[in-house]
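Taken in order, these protein sequences are the chains called Y and P.
If you use the working numbering, the first sequence corresponds to residues 38 to 604, in order.
If you use the working numbering, the second sequence corresponds to residues 23 to 416, in order.
Think of the CB as a built atom: it goes at the ideal place given N, C-alpha and C, for glycine as much as any other residue.
One structure is given below, encoded as structure tokens.
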Amino acid sequence: MRHEGRALRGGVALVLVAGFVLPIVAGLGQTARAAFGIMPAIGATDWSLDPWRQLLALPGFGTSLRLSLVTGIGSTLLALALAAGFCALMHGRMRHAAMGRLLTPFLAAPHAALAIGLAFLLAPSGWIARILSPWATGWDRPPDLATVNDGWGMALMVGLLIKEVPFLLLVIGSALGQLPVRQHLAAGRALGYGAGVVWVKVIFPQVYPLIRLPVFIVLAFALSVVDMAIVLGPSNPPTLAVAIIRWFSAPDTALFLPASAAAFLQALLVVAAIGAWMGAEWIVKTLGLWWVRRGGRGHSAEPGHWAASSVVVVLMGLGVLALASLVVWSFAWRWSYPQALPQSWSLKGWMAPQSGWGRAMQATLVIGVSATVLSVLLAVAWLEGEDRARRGRAAWAQALIYMPLLVPQVGFLYGLNVLFLQMGISGGMGAVIWAQMLFVFPYVMIALSDPWRALDPQHMRAAAALGASPWRRLVAVKLPMLVRPLATAAAIGFAVSVAQYLPTLFMGAGRIATLTTEAVTLASGSDRRIVGIYAVLQAGLPFLAYGLALALPAVLYRNRRGMRGGI
Amino acid sequence: MRSLMIAALGLGLATPALADWQSTLDAARGQTVYWNAWGGDARTNAFIAWVGTQTEAQYGVKVEQVKLTSTADAVTRVIAEKAAGQDSGGAVDLIWINGPNFLSMKEQGLLHGPFASGLPNAKYLDLSANAAASVDFTVPVEGYESAWRLARFVFTYDSAVVMEPPKDMAGFLAYAQANPGRVTHPDVSDFMGATFLKQALIEMAPDAAVLQEPVTDATFVATTAPLWDWYDSLRPLMWRQGETFPENQSVQQQMLNDGEVDFGVSFDPASAAGAIAEGLLPDTARVFVPQGGSIGNISFVAIPYNAANREGAEVVANFLLAPATQAHQQNIEVLGSFSVLDAARLTVEEAALFAALPSSPALPKLQDLGPTLLEPHASWMTKLVEAWGQRYTK
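Right, here's the structure in full:
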């Protein structure tokens, strides 16, 4: 029995290392070689530091770097503080399941769609300005105000926050489920602390270690985001990740080498930022311990929680309006400033699926379902392997699983592409499905690990006592009991797949058009109405998947009340 | 220099003889051509889809558009394929290409050819040494790319808002002084943003003739000095004080439609008429060109050296040059871009196809567009973009 567990574990680990880790390392290696002057295709064959010198001399490099750091680290810090404050206030006032439903649209909406909607909402000629003009503002024509694409990256940070805060709320929510929050609150209040202070001094320090990895993922993502930064960020110069894409696509191929150096730097930047974050954790821990042990009870933390919660509500309001504006655009014909609603409506875009969205949707579904099913199978195999070995997850295994989320995509995708071409396996559906799995699998693991471990081992022991084999226990007891988290994990995985841009573009040789690649391409055009259609579909598909995930257990177990409860 | 070009052109004419065309057609049947073309314009995308239906019906060649956000993405892909040693069966069959990207690919030997002058429909083109269809940004085409559509640099504006558009590039300064924050141009990393600067450079250069030669440090400094004087005065008066720019021409057109700025730019004289028909600009939108004329060039299609469906790509390139195709393309309800064919080489029936096309008040007459100014040598654009970055990207 132990032997079988080990075989399963070994098999899954092998798939992970050979399928996920090695290609990423190899891709990074290719990028690193080019960063140091080796790229035979453009006649560069000598090791040198010139690419780095060139990079330093590129106009705006310093500003791009600073922009990336400020928006990346700033939005992560803010998102964490806002999510923590919101949870402190809302815990106990709102059921976890209700919160999950509230967050679904934000988790499901792809970054690109949200960014496009938000850009329209906030622009000086955008929806908010149109609703208020000219009667309240006196603006007969849009003012020249930097409300989006501002030089500090504020609009980009708002966009990032709208996506990151709900994600952190979700992980904080499930972390709170593992802690005896009520008892802590009662004990704290009995000792004379205000409820808000208990959250800051007692509960949050216990939550943080459980959500540390998601925080790193948010940090890595915010530092290297491309699609959102193109739409909402400044352009002259843009953030580092966008600048890299620009340099890679400049007609002058000599820029390839400094672009590779920058892509490598982008990977280093994430490593350094996580390192700095860990250093800051240590400082906060040391100071915090001293502060907690001092035992002061005086301050009330509630105003802070209220302020954070208000900001979260405003952010969610902006997110909802941004998505709503895209729905309105998809049915509009002419909609000019300062009309609050379109002057004329049309179904033209929706009536012509053959113009592109029909096929893109088909490809999105095929890729999304395949990548999700494979990822869920792999995740179940991994978790079952852990169970059978009766061992927790080692730190190295944790690092392997989440590596694709921590290494910036621009850092390894180009190199990986070259590698794939050498092996002759680019441009196919299979390559795209695999590349998306790199990112789908870790999210499925995040969603599935905690409920899997929370399963009461008594059931397994009872089944074993009744003579059920390990496989039978898995198929007949464990999986049916886990239908709800499995469905949720699959829905999250599907949403992640739908949103993938760079992997689909690179691995599909540009030939595989999904809703997201089409939406981002069209966002470089000017037709918000078409972008609206794609964005609605792009956000709608994952939304449907979440709906199915909620409905499935209810339908399957309509006669078994005990099986319907949320974990 | 010129004799060299003519010699090269002769070479181009000699290789794929017309007799071989039937074998090309035979080999092409059943192929699917992956045409890599910028995908930001819905009308162009629809036209390419139409081309696919036609070539499939007539020659059994399917066309799949690979929609690019930037043409350089396709160049990058071919380079990646070459890096990986994939010298045949490449993913890119046909690229909509121009200027610096063409120069870059041609110099690195990434293009198939010469093929263009051997296409049967090349007989409709004026391929003499200095004709528009045989030089691309002063770089001799030499049969490595085939003409497709005519591009002219124009400004779009709303005639209900702007009563008197600027007469020339210098006039934009006076306009911005009277209307601060209403003028902008696409980001200079974008082709159209660079073209805005080139148009001003041609108008302001003390000696415009040097622009046809490869740039040197000395000619660059002397030639661009008046441009930078003008731009330094204009920039603080531009939208967002010239600190940020729309990503490309389409985003700028959207800003024009939203009323955030007063001018759009385009390489298509029919863009205003087309955008009105699509509901993307108000009915009062019009185009204008600076008095002294504007930059014009021809858009080409090229075939990478390792294209998997080379014959199919040649068939498509040839189909694009058919008079009926060019007339369809010039139709304002389709694409509205002017024909690349030499009108003198058309038969009466073929010329009638063009005469019968519908018109629109927003569509300028050919004579309203003034003279076509030649694109500067491609090295000027590279250097100009670089210098702009050094001056204004901080």
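- Counting only Cβ-Cβ distances below 8 Å, L116 of chain P has no contacts in chain Y at all, with the closest Cβ about 13 Å away.
- Contacts between S92 of chain P and chain Y, judged by CB atoms closer than 7 Å, involve S286 in chain order.
- The Cβ atoms of L485 of chain Y and P522 of chain Y sit closer than 9 Å to each other.
- For L141 of chain P, no beta strand (DSSP E) segment is defined, and its DSSP state is neither H nor E.
- Bounds of the alpha helix (DSSP H) holding K200 of chain Y are M191 to L213.
- Under the rule that a run must span 4 or more residues, the alpha helix (DSSP H) segments found entirely inside the segment 255 to 303 of chain P read 271 to 280 and 293 to 299.
- Proximity of chain Y to Q412 of chain P at the Cβ level (cut-off 7 Å) is accounted for by P96, in chain order.
- Following the DSSP letters along the chain, one finds R226 of chain Y inside the alpha helix (DSSP H) bounded by residues V218 to A227.
- Scanning P:G296, P:I320 and P:D305 for the CA closest to the CA of N353 of chain P turns up P:G296.
- Below 8 Å, too few C-beta pairs join the segment 210 to 226 of chain P and the segment 329 to 347 of chain P to call them touching: fewer than three.
- For the pair G334 of chain P and A384 of chain P, the Cα-to-Cα distance works out to about 37 Å.
- In this structure, A149 of chain Y lies near A536 of chain Y, with their beta-carbon atoms less than 9 Å apart.
- Buried is the label assigned to K128 of chain P, since at least 16 other Cβ atoms lie within 10 Å of its Cβ.
- Put simply, the segment 190 to 199 of chain Y does not touch the segment 393 to 409 of chain Y. Fewer than three CB pairs are less than 8 Å apart.
- Not one beta carbon of chain Y lies nearer than 9 Å to the beta carbon of E235 of chain P.
- For S168 of chain P, the uninterrupted beta strand (DSSP E) run begins and ends at E167 to R174, by DSSP.
- Per the coordinates, the alpha-carbon of G64 of chain Y lies some 7 Å from the alpha-carbon of L456 of chain Y.
- For F580 of chain Y, no beta strand (DSSP E) segment is defined; the enclosing uninterrupted segment is the alpha helix (DSSP H) at R565 to L593.
- No Cβ-Cβ contact shorter than 9 Å links W60 of chain P with K84 of chain P.
- If you look at S321 of chain P, you'll find it in the beta strand (DSSP E) that goes S316 to A324.
- DSSP, read as helix, strand or coil, puts T54 of chain P in strand.
- In its chain, beyond the 5 residues on either side, A408, L411 and S412 have a beta carbon closer than 7 Å to the beta carbon of M474 of chain Y.
- Residue environment: I320 of chain Y is assigned as exposed (fewer than 16 neighbouring CB atoms within 10 Å of its CB, all protein chains considered).
- Taking 7 Å as the Cβ-Cβ cut-off, the segment 124 to 147 of chain Y has no residue approaching chain P.
- Under the DSSP assignment, E164 of chain P falls outside any alpha helix (DSSP H); it carries neither an H nor an E label.
- The DSSP-derived three-state label of G175 of chain Y is coil.
- Rounded to whole angstroms, the gap between the alpha carbons of G140 of chain P and Y56 of chain P is 21 Å.
- P:V337 is the residue among P:H350, P:V337 and P:D254 whose C-alpha sits nearest the C-alpha of D115 of chain P.
- The three-state secondary structure of Y327 of chain P, taken from DSSP, is coil.
- For T98 of chain P, the C-beta contacts it makes with chain Y under 7 Å involve F285 and S286, in order along the chain.
- The shortest C-alpha to C-alpha distance from V447 of chain Y to any of Y:L305, Y:L574, Y:S85 and Y:R130 is the one to Y:L305.
- In the DSSP assignment, E86 of chain P falls outside any alpha helix (DSSP H) and within the unbroken beta strand (DSSP E) covering K84 to L90.
- Among the residues of the segment 161 to 185 of chain Y, those with a Cβ less than 7 Å away from any Cβ of chain P are P161, S162, R178, P179, D181 and A183, in the order of the chain.
- Taking a C-beta distance under 9 Å as the contact criterion, T160 of chain P and E408 of chain P do not qualify as a contact pair.
- Beta-bridge annotation (DSSP): M131 of chain Y is paired with Y:H128.
- For the pair D212 of chain P and N270 of chain P, the CB atoms are nearer than the 9 Å cut-off.
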